[in-house]
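With our numbering applied, the sequence shown covers 61 to 455.
Glycine residues also receive a C-beta, built at the ideal position from the N, C-alpha and C atoms.
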Amino acid sequence: MIGVTILGATGSIGRSTLDVLARHGDRYRVMALTANSQVDRLYEQCLEYRPRYAVMADAAAAEQLVQRLRSVAPDIEVLAGVAGLEQVAAMPEAEYVMAAIVGAAGLAPTLAAARAGKRVLLANKEALVMSGRLFMDAVQRSNAVLLPIDSEHNAIFQCMPRGFAGGFEQVGVRRVLLTASGGPFRTMPLEQLAGVTPEQAVAHPNWSMGRKISVDSATMMNKGLEVIEACWLFNTVPARIQVVLHPQSVIHSMVEYVDGSVLAQLGNPDMRTPIAHALAWPERMESGVDSLDMFSVARLDFSAPDLNRFPCLRLAVEAMEAGGTSSAILNAANEIAVESFLQRRIPYTAIPQIIEAVLAETTAHGAETLEQILADDAAARAAAERQVGLRRVTH
Ligand code: NAD
Ligand code: MG
């Protein structure tokens with residue numbers, strides 16, 4: 061039996077992971093489940109999956125979970141805080157760690173899993189955007205196995221030659237074609253964007269996801285973060301990555317070779333496919349995802365992204381090219397801007413404005429240490445809060 065820790069078990073990816081694991085109870089044992097503050101959901105998951113550990117990042121929530129589990133499942137040990145998250149990410153009982161916490165909060169436990177040499181199933185792209193070099197170095201040093209869960213990166217991984225270790229030239233890869241749905245506002249008249257609501261922004265046409273990544277998909281910051289993620293995972297540069305708008309989300313990404321061959325991975329838009337792929341790799345196993353019905357798909361469309369409509373995509377590529385902590389600053393500003401939009405404190409169109417202003421006023425440094433990355437992350441968050449104050453909407 062392979063022990064699995066799920067960081068962010070109560071979220072969209074966490075629940076899809078549990079769905080896949082439940083189909084293969086003979087192969088995997090759920091060792092630890094973690095959540096931020098959703099006591100009810102983690103409590104129910106504990107009763108259903110009987111992990112050895114349950115972690116709540118929030119201390120008061122952890123105390124509530126202890127009380128509720130005491131009479132029904134006293135064998136489950138409840139831990140709290142970042143220390144608890146790091147403990148279950150690095151413990152010997154779990155060989156595999158699903159990193160599915162959203163945002164910068166996932167960095168420390170995901171890094172702990174990498175340093176402990178786990179098979180890291182990486183959904184938490186923000187961790188890699190913040191600390192790409194540090195993270196990839198940790199993976200290499202500990203012999204961790206890093207497998208992408210993000211559907212595009214999982215598709216690229218599947219289209220790369222087996223054993224690809226970085227270096228497009230050596231294996232004859234010319235470029236990566238990173239597909240993007242374009243989100244809910246792909247065709248909305250630009251002048252209407254200022255009035256869009258959080259409800260409209262989180263209603264993704266093809267994928268059901270957490271709120272933060274849904275807004276990121278609407279602004280295409282998600283694709284920008286994915287360009288950065290792809291650069292680190294596949295050891296390349298933004299110039300080798302072409303973003304392709306593909307509204308059906310059936311092709312999850314492609315790899316082009318020097319002989320003109322283009323390999324694509326296709327499937328229904330359901331995260332259980334990349335999750336099952338990464339759990340079973342290099343084998344294959346059932347995920348619960350239906351067959352792709354080509355006759356109902358009928359057609360596939362492609363176009364180039366419009367950077368006037370999606371300034372966040374441009375900002376992300378520029379941050380990656382600038383290097384150092386620029387992408388951590390971008391990520392931090394984006395997290396504050398998206399949260400403020402979801403709280404209806406700023407209009408949708410202020411999101412890229414805030415990020416651009418924060419990038420202009422915050423000094424980036426080399427990203428060699430976690431301390432420096434976290435210091436610049438904090439500076440960017442403070443700058444973003446000031447920018448939110450300047451752009452606040454009045455109700
Ligand atoms: P979600 O909001 O549904 O779930 C987030 C999880 O993180 C929850 O379990 C929550 O309790 C936990 N969490 C939040 N803040 C925390 C904190 N401060 N400390 C500890 N835990 C915390 O998000 P999601 O859609 O499942 O996305 C998770 C990650 O996977 C994100 O990085 C996202 O970009 C990435 N991802 C998601 C999808 C998708 O289909 N949902 C696809 C690709 C990549
Ligand atoms: Mg993706």
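> With 16 other CB atoms within 10 Å as the buried threshold, where does V262 fall?
Replying inline: By 1-based counting over the sequence shown, the position of residue 262 is 202. Buried is the call here.
>> Could you check whether the Cβ of T333 sits closer than 8 Å to any heavy atom belonging to the ligand NAD?
In response: What you label residue 333 is simply residue 273 of the sequence shown in a count that begins at 1. It does not: the Cβ of T333 is nowhere closer than 8 Å to a heavy atom of the ligand NAD.
> If you measure from the CB of R441, is any heavy atom of the ligand NAD nearer than 8 Å?
Replying inline: Within the sequence shown, residue 441 is the residue found at index 381, counting from 1. No heavy atom of the ligand NAD is found nearer than 8 Å to the CB of R441.
>> So, at 6 Å on beta carbons, what are the nonlocal neighbours of V80 in its own chain, with the 5 sequence-adjacent residues on each side left out?
In response: Stepping through the sequence shown from its first residue, residue 80 is reached at position 20. A distance below 6 Å between beta-carbons, with the five flanking residues on each side excluded, links V80 to the following residues of its chain, in chain order: R332, I335, A336, S347.
> Excluding sequence positions up to five away, which residues of its chain have a Cβ less than 6 Å from the Cβ of K272?
Replying inline: Within the sequence shown, the letter at position 212 stands for residue 272. Closer than 6 Å at the Cβ level, and outside the excluded window around K272, lie V162, V398.
> At which residue ranges does the stretch 397-429 contain complete alpha helix (DSSP H) runs of 4 or more residues, listed in the order of the chain?
Replying inline: The DSSP assignment places 410-421 as complete runs of the alpha helix (DSSP H) inside the stretch 397-429, in order along the chain (cut-off: 4 residues).
> Just curious, the alpha helix (DSSP H) that I311 is in, first and last residue?
Replying inline: Counting from one through the sequence shown, the residue named residue 311 turns up at place 251. Per DSSP, I311 belongs to no alpha helix (DSSP H); it is in the beta strand (DSSP E), 311-317.
> Where does the unbroken beta strand (DSSP E) through M158 begin, and where does it stop?
Replying inline: To locate residue 158, count along the sequence shown from 1; it is residue 98. Where M158 is concerned, the enclosing beta strand (DSSP E) stretches over 156-159.
> Would S268 be called buried (16 or more neighbouring beta carbons within 10 Å of its own) or exposed?
Replying inline: Residue numbering aside, residue 268 sits at position 208 when the sequence shown is read from its first letter. So S268 counts as exposed.
> Near N203, which residues of its chain fall below 7 Å by C-beta distance, leaving aside the five closest residues on each side in sequence?
Replying inline: If you number the sequence shown from 1, residue 203 lands on position 143. Closer than 7 Å at Cβ, skipping near neighbours: G177.
> Hey, how far is the Cα of A278 from the Cα of Q252?
Replying inline: Looking up residue 278 in the sequence shown gives position 218. Looking up residue 252 in the sequence shown gives position 192. So the alpha carbons of these two residues sit roughly 14 Å apart.
>> Measuring alpha carbon to alpha carbon, tell me which residue in L129, E153, A119, V322 is nearest E108.
In response: As a position in the sequence shown, residue 108 is number 48, starting the count at 1. E108 has its Cα closest to that of L129, out of L129, E153, A119, V322.
> Cβ-heavy atom distance between H213 and the ligand MG below 8 Å?
Replying inline: Within the sequence shown, residue 213 is the residue found at index 153, counting from 1. Because some heavy atom of the ligand MG lies under 8 Å away, the Cβ of H213 counts as near it: yes.
> So, using beta-carbon positions, are L293 and F217 closer together than 9 Å?
Replying inline: For the purposes of this step, residue 293 is identified with residue 233 of the sequence shown, where counting begins at 1. For the purposes of this step, residue 217 is identified with residue 157 of the sequence shown, where counting begins at 1. Cβ atoms of L293 and F217: closer than 9 Å.
>> Between the alpha carbons of A299 and E378, how many angstroms are there, rounded?
In response: As a first step, residue 299 is located in the sequence shown; it is residue number 239 there, counting from the start. As a first step, residue 378 is located in the sequence shown; it is residue number 318 there, counting from the start. A299 and E378: Cα-Cα distance of roughly 11 Å.
> Which residue or residues does DSSP assign as beta-bridge partners of Y88?
Replying inline: By one-based count along the sequence shown, residue 88 stands at place 28. Listed as beta-bridge partners of Y88 by DSSP are I62.
> Going by Cα to Cα distance, which pick from A240, R175, P265, A164 is closest to A183?
Replying inline: Taking the sequence shown and counting its residues from 1, one reaches residue 183 at position 123. From the listed residues A240, R175, P265, A164, the smallest Cα separation to A183 is found for A164.
>> What does the alpha-carbon distance come out to for the pair A240 and L390?
In response: The count along the sequence shown starts at 1 and reaches residue 240 at position 180. The count along the sequence shown starts at 1 and reaches residue 390 at position 330. In a straight line, the C-alpha of A240 is about 20 Å away from that of L390.
>> Is the separation between the beta-carbon of A290 and that of L238 shorter than 9 Å?
In response: As a working mapping, residue 290 is identified with position 230 in the sequence shown. As a working mapping, residue 238 is identified with position 178 in the sequence shown. Going by C-beta atoms, A290 is nearer than 9 Å to L238.
>> Three Cβ pairs or more, each shorter than 8 Å: is that satisfied between the stretch 348-358 and the stretch 219-228?
In response: The answer is no - the stretch 219-228 does not touch the stretch 348-358, with fewer than three Cβ pairs under 8 Å.
> What residue ranges within the stretch 241-315 form continuous alpha helix (DSSP H) runs of no fewer than 4 residues, ordered along the chain?
Replying inline: Within the stretch 241-315, complete alpha helix (DSSP H) segments of at least 4 residues are found at 258-262, 271-279, 281-293, given in chain order.
> Just checking my contact of L125 with T94 at CB under 8 Å: how many whole Å lie between their CB atoms?
Replying inline: Indexing the sequence shown from 1 puts residue 125 at position 65. Indexing the sequence shown from 1 puts residue 94 at position 34. Not really, about 11 Å apart at Cβ, beyond 8 Å.
> For V297, does the count of other Cβ atoms within 10 angstroms reach 16, so buried, or fall short, so exposed?
Replying inline: Taking the first residue of the sequence shown as position 1, residue 297 is located at position 237. The residue in question, V297, is exposed, as its Cβ has fewer than 16 Cβ neighbours within 10 Å.
>> In whole angstroms, give me the CA-to-CA distance for S321 and P365.
In response: The sequence position of residue 321 within the sequence shown is 261, counting from 1. The sequence position of residue 365 within the sequence shown is 305, counting from 1. Rounded to whole angstroms, S321 to P365 spans 23 Å at the Cα level.
>> Per DSSP, what are the beta-bridge partners of L326 in this structure?
In response: Reading the sequence shown from its first residue, position 266 is the one you call residue 326. Beta-bridge pairing links L326 to I311.
> How long is the line joining the alpha carbons of R179 and V157, rounded to whole angstroms?
Replying inline: Counting from 1 along the sequence shown, the entry for residue 179 is found at position 119. Counting from 1 along the sequence shown, the entry for residue 157 is found at position 97. Between R179 and V157, the C-alpha separation is close to 6 Å.
> From which residue to which residue does the alpha helix (DSSP H) around L171 run?
Replying inline: As a first step, residue 171 must be located in the sequence shown, where it is residue number 111. In this chain, the alpha helix (DSSP H) harbouring L171 covers 167-175.
> Say the cut is 8 Å; is the CB of D330 nearer than that to a heavy atom of the ligand MG?
Replying inline: By one-based count along the sequence shown, residue 330 stands at place 270. Checking the 8 Å criterion, the Cβ of D330 is out of range of every heavy atom belonging to the ligand MG.
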